[in-house]
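J.: One structure, pasted below without further comment.
Below, the structure is given as C-alpha cells:
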C-alpha cells in the first residue's frame with residue numbers, strides 16, 4: 001500500500017511518523033579486549049570452540065543492554081528498512097550517459113591539491129584520439145596485476161584481473177571511438193569492483209580463502225549496467241574478509257595501505273575500492289556497505305562514497321550476507337563521477353522486487369529551502385580535529401550557500417548502534433556456521449555473533465522501527481533535510497601494531513565501534529548516505545596528512561537530492577578549504593593519463 005507523506009510524494013512502506021522523546025544517555029565505556037598478533041592467532045581457535053567464552057564475549061560487548069528498555073514496550077519489530085518512493089507512471093527507465101546532459105566536474109585547484117582525473121578526462125582523450133582505451137589499459141595492467149613477477153604496491157588493492165577479458169573490452173571500446181560510435185561518457189573508462197559482487201569469468205571469495213563463487217557465472221546487475229555503458233572492468237578488488245570490519249586488514253591477500261600515509265589503514269571493508277580511486281588508478285569503483293563499508297574508506301582515503309537507499313540498486317544475482325543492512329554503491333574521485341556511476345548502475349532491475357519499484361535516477365526539483373539537521377550532542381562526540389574540519393564546512397554551507405541549520409534529536413542513538421551491530425553480526429553468522437579457515441579476528445566475531453538469542457534480536461528490530469518512525473517525523477517536519485555528521489569521529493585508523501597486525505590481523509572492537517559511531521544509522525534504517533572529503537588532519541606517524549570526511553543522510557529514496565548536497569559540499573573543498581584538495585604524495589599517486597601518454601611517446605620514438 002502506498003502511503004502519503006506529502007502532497008507531492010507517496011511511498012511504499014513509509015514508517016509511521018512519530019517522534020520519541022528519550023533522554024540522552026552516554027554509552028558505557030568500551031570493554032572489548034584488544035587482541036593482536038600470535039595471541040589472537042591461537043586464541044581465536046579456542047574462542048571458536050568454547051561456547052561459554054563466546055557467551056561471555058557476547059555479554060561483554062553490551063548486546064544484552066536492549067533488554068527491558070521501557071521505550072520499546074509499545075514498539076513492534078521492523079525487519080526490513082526498505083522504503084520506496086512511488087514513481088510517476090510517465091517516467092521512462094533508461095541509462096542517461098549522453099555527455100550533453102551531464103555536469104562536468106569543478107576543477108579549481110591550488111598547487112597543493114593535485115589533479116584527480118574525471119571520466120570526462122578519459123572521454124575527451126578518447127574522443128580526440130589523444131589516447132585510446134587500449135593504451136590506457138596497457139599502462140594500468142603492469143601496476144595492478146598480482147600474477148607478475150615483482151608486483152607493485154598497487155596490486156594489493158586487486159584480488160584478480162583477467163587480462164584477456166580486460167584487453168578485449170578495451171579493444172572493443174577503442175574501435176567504437178575510432179568509428180565515432182561510443183556508448184557514452186563511461187565508454188572506455190577503467191573501473192573495478194569489490195569482490196563482494198559477481199563478475200562473469202571471475203571467481204569470488206569475499207577476501208577469504210574460501211571459494212564463494214555464485215552459481216551461473218553471471219555479472220551482478222549493477223556492474224552489468226556499467227559494462228553496457230562501455231566501462232572496462234579491470235577486475236576484483238581487495239576487501240576485508242567477509243566485510244566484517246572497518247580496517248581492510250587482510251592477512252590472506254595482503255593489506256593495501258592508505259595512499260595518503262602508509263602508517264594508516266584505508267578503512268574497510270571496501271578498502272581496495274577506496275585505494276584504487278584515491279591512488280588515481282581509476283576514477284570509479286564499486287563498493288558495498290553494511291555498516292559504513294563504503295563511507296568509512298571513502299573518508300579515510302579522501303574520496304566520495306554513496307551508500308544508496310536500501311533496495312535501490314540491484315546486485316542480482318549476488319546474495320547479500322547482511323540482508324537488511326547491506327547495499328552496493330559507487331565510490332569516485334569527484335561528485336560528477338559519483339553521479340554518473342550512480343545514474344548508470346541505479347537503473348531499476350525488473351528482476352529485483354525492490355529495485356524494480358524505485359523510480360529511475362533523475363535530477364530533482366530544487367527544494368524550497370536547503371536544510372541541514374544537526375544532533376549536536378552526537379556531532380560533538382567526534383575528536384577535536386574532525387569536529388573542527390567539519391564545522392568549517394558547515395559554516396561555509398550556511399554562510400555561502402544558504403543552508404539553514406536546525407537542531408534535531410535522535411533517540412537511543414547508542415542503543416541503536418548496539419542493535420545494528422547485533423543484527424549484522426547475526427545475519428552474517430547465519431551464513432557461516434563453520435568458521436574454519438577464516439582469519440582469526442573473524443573467527444571471534446562470527447562465533448560471538450552466533451550467540452544472539454531470538455528475543456534480543458527482536459529487541460534490536462524494535463529499536464530499528466523506533467528510529468525509523470522518529471526519522472520519518474523529522475523529515476515530515478523538515479522536508480528535504482539532510483542530517484549531517486562527521487563520517488567518522490576519528491581521523492583515520494593508525495596501524496598501531498605495525499607488521500604484526502598486518503600478518504595476523506587484529507581484533508579491536510573498541511576502535512571498530514568508535515569509527516562506526518555515525519555510519520550505522522543509515523544502514524539500520526535504510527537511508528541513503530554520502531561521504532565527502534572536507535579537510536585533513538596531522539598524522540601520529542609518517543608525513544602524509546589524513547583526510548577527514550563529512551557525511552549526509554537524506555530521506556528514503558532521496559539519493560538524487562543527496563547528490564545535490566554533495567555538489568555543494570564539493571564546492572567547499574575547492575573554494576573554501578585553504579590549500580584545496582590534496583592528492584597522495586610520491587608513489588602513492590598515479591597520473592594514469594600522463595603515464596599512458598609518456599608510454600606512447602616512448603614507444604613511438606623507436607627506443608623501446
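In UniProt numbering, the protein residues as written are 1 to 608. C-beta: ideal position from N, C-alpha, C; glycine also.
Counting along the chain, where does the beta strand (DSSP E) carrying residue 535 start and finish?
T.: 529 to 537
J.: When you compare only the Cα positions, how much space is there between residue 33 and residue 53?
T.: 13 Å
J.: Report the residue ranges of all alpha helix (DSSP H) runs contained in full by the segment 149 to 204; include only those spanning at least 4 residues, in chain order.
T.: 163 to 178
J.: Counting only runs that start and end within the segment 191 to 270, where is the alpha helix (DSSP H) found for 4 or more residues in a row?
T.: 221 to 228
J.: What's the C-alpha gap between residue 385 and residue 379?
T.: 13 Å
J.: Kindly list the residues whose CB is nearer than 6 Å to the CB of residue 417, restricted to its own chain and excluding five residues on each side of it in sequence; keep chain order.
T.: 520
J.: In whole angstroms, give me the CA-to-CA distance for residue 258 and residue 45.
T.: 30 Å
J.: Report the rounded CA-to-CA distance for residue 20 versus residue 158, giving the unit in angstroms.
T.: Between the alpha carbons of residue 20 and residue 158 lies a distance of about 46 Å.
J.: Using DSSP with H/G/I as helix, E/B as strand and the rest coil, what is residue 404?
T.: strand
J.: If you follow the alpha helix (DSSP H) that residue 598 is part of, which residue opens it and which one closes it?
T.: 592 to 604
J.: With C-beta atoms as the reference, is residue 194 less than 7 Å away from residue 288?
T.: yes
J.: Taking the beta strand (DSSP E) that residue 322 falls in, what are its first and last residues?
T.: Per DSSP, residue 322 belongs to no beta strand (DSSP E) and is neither H nor E.
J.: Look at the alpha carbon of residue 226 and the alpha carbon of residue 345, and state the distance between them as a whole number of angstroms.
T.: 6 Å
J.: Are the Cβ atoms of residue 507 and residue 50 separated by less than 7 Å?
T.: no
J.: Kindly indicate the opening and closing residues of the alpha helix (DSSP H) around residue 511.
T.: 509 to 515
J.: What's the C-alpha gap between residue 342 and residue 280?
T.: 19 Å
J.: With distances taken between CB atoms, is the gap from residue 76 to residue 222 smaller than 7 Å?
T.: In this structure, residue 222 does not lie closer than 7 Å to residue 76 by Cβ.
J.: Straight-line CA distance for residue 133 to residue 262?
T.: 31 Å
J.: Looking only at its chain, what residues have a beta carbon closer than 6 Å to the beta carbon of residue 414, apart from the 5 residues adjacent to it on each side?
T.: Only 27 meet the Cβ criterion.
J.: Compare the Cα-Cα distances from residue 180 to each of 579, 208, 434, 127 and report the closest residue.
T.: 127
J.: Between which two residues does the beta strand (DSSP E) carrying residue 287 extend?
T.: 284 to 289
J.: Helix, strand or coil: how does DSSP classify residue 443 here?
T.: helix
J.: Buried or exposed: which applies to residue 472, given that a residue is buried once 16 or more other Cβ atoms fall within 10 Å of its Cβ?
T.: buried
J.: Residue ranges of each alpha helix (DSSP H) run of no fewer than 4 residues wholly in the segment 321 to 409, ordered along the chain?
T.: 335 to 345, 376 to 379, 384 to 399
J.: With a threshold of 6 Å on Cβ separation, who are the neighbours of residue 540 within its own chain once the five nearest residues in sequence on each side are excluded?
T.: 494
J.: Hey, how far is the Cα of residue 587 from the Cα of residue 462?
T.: If you take the alpha carbons of residue 587 and residue 462, they lie about 49 Å apart.
J.: Taking the straight line between their C-alpha atoms, what separation do you get for residue 433 and residue 356?
T.: 32 Å
J.: If you draw a straight line from the alpha carbon of residue 57 to that of residue 352, how long is it in whole angstroms?
T.: 38 Å
J.: Any chance the segment 129 to 145 sits against the segment 158 to 174, with 3 or more Cβ pairs inside 8 Å?
T.: Enough Cβ pairs lie closer than 8 Å, so yes.
J.: Jot down the residue ranges of each uninterrupted alpha helix (DSSP H) in the segment 547 to 583, minimum 4 residues, whole runs only, in chain order.
T.: Whole alpha helix (DSSP H) segments, 4+ residues: 559 to 571.
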